[in-house]
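Here the structure comes first, spelled out in structure tokens, and everything after it is commentary.
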């Protein structure tokens, strides 16, 4: 499945920041997602000290949450590490994997921020504009915004607010575990994003699409260890 190019990736950090500000206005942070046959998870792993990344997309059936497809890639990163510009470093690998999929996800959960980003264009929102499907940002840590303490029990929530704007939800998916930072990526509301994150949680901190993509990116799912072993 070929994707229509949204822009060039050959940019300087300054150009990337300008493009983020421009694209942020195109992000849609509303909408319900009611008909889902396949749901995907995307994650990228980079060993400490390496410039080579391992990216993975895992596609699951819904509501069974059984794996129907796994795609992985091992490649060098060309864009420098700059806080807030993660998508320019990692998104091209995810897009390359997406083009290989035989089962197109109706909904994608990405390890990273959606609009919970200083310029409202985290990797989940950026990928959403490229893919034109509903995308949820599911981050393990906060990039920006202020929060109040979230309850201890699974399902507890708190708003994430930046400059008076609600940009995400701090969500505890498992009692006693650290919370996740859920935000709209594209073509889905924050409320729907939280609903789907909880609907895909099966006793672990991460929703199943994210958890399995994280394992695949680390070479800990069957069929991906050979690729990971080739890393320098």
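In the working numbering, the protein residues as written are 56 to 287. From the three backbone atoms N, C-alpha and C, an ideal C-beta is built for every residue, glycine too. The structure presented is a predicted model; accordingly, all values stated were derived computationally and were not measured.
- Look at the region 101-178 and you find these whole runs of alpha helix (DSSP H), each 4 residues long or longer: 141-155.
- The continuous beta strand (DSSP E) containing residue 239 extends over residues 235-241.
- Straight-line measurement puts the Cα of residue 212 at about 5 angstroms from the Cα of residue 226.
- In terms of CA proximity to residue 58, 149 leads the group 149, 120, 67.
- Rounded to the nearest whole angstrom, the CA to CA distance from residue 140 to residue 228 is 27 angstroms.
- The continuous beta strand (DSSP E) containing residue 212 extends over residues 212-217.
- Residue 60: not part of any alpha helix (DSSP H); DSSP gives it neither H nor E.
- Just measuring C-alpha positions, the residue of 242, 75, 192 sitting nearest residue 262 is 192.
- With contacts defined by Cβ atoms closer than 7 angstroms, residue 113 and residue 93 do not form a contacting pair.
- With 16 or more other CB atoms across the displayed protein chains lying within 10 angstroms of its CB, residue 256 is buried.
- With a cut-off of 8 angstroms on Cβ pairs, the region 125-132 is in contact with the region 96-113, counting three or more such pairs.
- Looking at the DSSP output, residue 202 shares a beta bridge with 215.
- The DSSP-derived three-state label of residue 258 is coil.
- For residue 95, the beta-bridge partners assigned by DSSP are 114, 163.
- Around the beta carbon of residue 168, 16 or more other beta carbons lie within 10 angstroms, which makes this residue buried.
- For residue 143, same chain residues with a beta-carbon under 6 angstroms away, outside a window of 5 residues either side, are 71, 134 in chain order.
- Residue 226: member of the beta strand (DSSP E) spanning 220-226, first to last residue.
- In this structure the region 75-90 lies against the region 238-257, because at least three pairs of beta carbons, one per stretch, are closer than 8 angstroms.
- The distance from the Cβ of residue 166 to that of residue 232 is about 16 angstroms, inconsistent with a contact at the 8 angstroms cut-off.
- Selection 136, 274, 210, 158 evaluated against residue 69 yields 136 as nearest (Cα-Cα).
- For residue 83, no alpha helix (DSSP H) run applies, since DSSP gives it neither H nor E.
- Residue 95 places its beta carbon 7 angstroms or farther from that of residue 267.
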